[in-house]
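Note sheet for the following structure.
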Amino acid sequence: PFIGRFHYLRLFAWLLPALISASLNKLRPIALENLLVELRKRTYHSKPIQEATVQKYLTVVSAVLNDAKRNEIIEKNPARMIDLPDTARRIQMIPTDAEAHRFLDVLANEEDPYKTFYALAIYTGCRRGELCALKWDDLIMNGDECILTVSRSRSSVPGKGVVEGPTKNGQARAIYISEEMTTVLRSYCYYKMYEAQESGFEMSDYVFTNEYGELMHPDTFSRHLRRLYDENGFPREFHLHTLRHYFVSTMLHNGVDKQTVAELAGHGDTGFLERTYCHPQLQLKREAAARYTRTMFDFSDRDSVSA
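For the sequence shown, our numbering gives the first residue as -6, with consecutive numbering after it.
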């Protein structure tokens, strides 16, 4: 994906001078360890770089050094000789059904386009950038149903502003929209048509625009939602991506197979789902086992009856 490539290019702009200063065949693990120490001191969006990200960058360096080894430029890959600390597994904060329903109640009082944006996020699991890049041509309405095609993303890139490119996995996907959500989208479309007509400007090709028909910055939706969460007492850990987490976890909990969920969410395979979302499923299985155990092995009631 273009965003990922940009981050890697920024990384190598910093790493390459240090690597080039030493001959590859003289590169030792200690040199790479010192680079990792410096990398851990850096920040991204004013926040410390996480250890998992540090190790991801080392993986890229290791791949380059593996290629050098394969071409007999070096004898050993020094990146493979580094002892790395364990990375903490990230546990996603997923709303309960009650919190999700309360959130939808809150949205009923919100103004467009925020109401439609957040409703579409929780009903489709689309990423922020994917929703920001939606065009009306991506929506095919047929009666009470709608098919949404997701093929682009608009994201804020440091130093470049808002950039539009392909989706995260580089592939387009189609999402079925229910009758209820189709009604919301149709109502919003009529609203935007009326807004453009009243203000005297041509309606934008893009779905989510401000009152002047101009594209809205992706961060605007994140900031607005943060205020909405705070004003209505939702956990501080909730963010815009939380709506996507709820979509994916609810699909899995309701028995939708992982391959279908991966395709709907825009993941290349089911591996990410298994690493990230399986813990709620395991919790449900744990609770089911506990209930079964209580049923099978709680003899207190039976003993009292026999006595």
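Glycine included, C-beta positions come from ideal geometry on N, C-alpha and C.
Remember, predicted model here, so these are calculated numbers, not experimental data.
| Check | Outcome |
| --- | --- |
| Cα-Cα separation between Cys139 and Thr175, rounded to whole angstroms | 6 Å |
| Those runs of the alpha helix (DSSP H) which lie wholly inside the stretch 182 to 249 and span at least 4 residues | 211 to 224 and 233 to 246 |
| Pro22: CB within 6 Å of a non-hydrogen atom of the ligand NAD | No copy of the ligand NAD appears in this structure; indeed no ligand is present at all. |
| Segments assigned alpha helix (DSSP H), at least 4 residues, entirely inside the stretch 106 to 160 | 107 to 117 and 121 to 125 |
| With 16 other Cβ atoms within 10 Å as the buried cut-off, status of Leu77 | exposed |
| Inter-stretch contact (C-beta, 8 Å, three-pair minimum) for the stretch 167 to 182 and the stretch 207 to 214 | no |
| Beta-ladder partner(s) of Tyr169, from DSSP | Ile140 |
| Boundaries (first-last residue) of the alpha helix (DSSP H) holding Gln43 | Premise fails: Gln43 is in no alpha helix (DSSP H) and is neither H nor E. |
| Buried/exposed call for Glu157, threshold 16 Cβ in 10 Å | exposed |
| Selection from Ala258, Gly136, Ile75 and Tyr107 that minimises the alpha carbon distance to Leu218 | Tyr107 |
| Beta-carbon proximity list for Glu204, same chain, < 8 Å, skipping 5 on both sides | Glu188 and Ser192 |
| DSSP state of Thr263 mapped onto helix, strand, coil | coil |
| Contact set for Asn225: own chain, Cβ-Cβ below 6 Å, skip 5 residues either direction | Val99 |
| Same chain, Cβ closer than 7 Å to Gly118, five either side skipped, listed in chain order | Arg237, Phe240, Val241, Leu257 and Ala258 |
| Burial state of Pro228 (16 or more Cβ within 10 Å) | exposed |
| Stretch pair the stretch 67 to 76 + the stretch 25 to 38: three plus CB contacts closer than 8 Å | yes |
| Per DSSP, cross-strand counterpart(s) of Thr36 | Pro41 |
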